[in-house]
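Numbering (my numbering), first residue to last: 496 to 681. Note that CB positions come from ideal geometry on N, CA and C, so glycine has one too. Some notes on the structure that comes next.
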């Protein structure tokens, strides 16, 4: 029975999930690339990727229960921080946080075909860790993105945790929250 289940999961992942995920990733990236520059990234940089994230969770056969939204004001900006444990964190946060967010993400993501350019058009911020001045510029850029109801999402450790334990937190999230007098939401 276990073997049949493993075969079914393998076939589902490669014959159904992967092709549909790839197709929706391309369509979402193209939608953002075309509409965000023309109509603005407030809607087009957030809503299509949000639905892409929800669809990915649904395709991955995940049941998601999200709670606590009543504690957040949709007209308030926040600095969201989370421990980055895996790639699926992105889909869960983007799809179910229910807040318009801009990601602060590592610069290497800019090199992913379509997705990197779509991220730029969506108004996400790429972290430049090449020098202290470059990091300060990244913080300035992130602060510019924050308006009345747009929040920022950071992984303060700067990378995924391989062990699940918290690593050393970088200062960027706290600097943004302090400078703009915004609440931090873990």
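Boundaries (first-last residue) of the beta strand (DSSP E) holding residue i
i	result
residue 500	Here residue 500 belongs to no beta strand (DSSP E); instead the alpha helix (DSSP H) covers 497-506.
residue 621	620-622
Segment limits, alpha helix (DSSP H) that includes residue i
i	result
residue 571	Segment: none, residue 571 is in no alpha helix (DSSP H) and carries neither H nor E.
residue 586	583-591
residue 530	513-534
residue 551	542-554
residue 633	627-640
According to DSSP, residues forming a beta bridge with residue i
i	result
residue 598	648
residue 679	574
Three-state class that DSSP yields for residue i in the structure shown
i	result
residue 607	coil
residue 564	helix
Selection from the options that minimises the alpha carbon distance to residue i
i	options	result
residue 600	562, 653, 660 and 661	653
residue 592	617, 618, 518 and 645	645
residue 581	660, 676, 500 and 667	660
residue 670	634, 575 and 649	634
residue 605	614, 569 and 503	614
residue 536	496, 642, 511 and 657	642
Rounded Cβ spacing between residue i and residue j (contact assumed at less than 8 Å)
i	j	result
residue 649	residue 662	Contact flag wrong, Cβ pair sits at about 13 Å.
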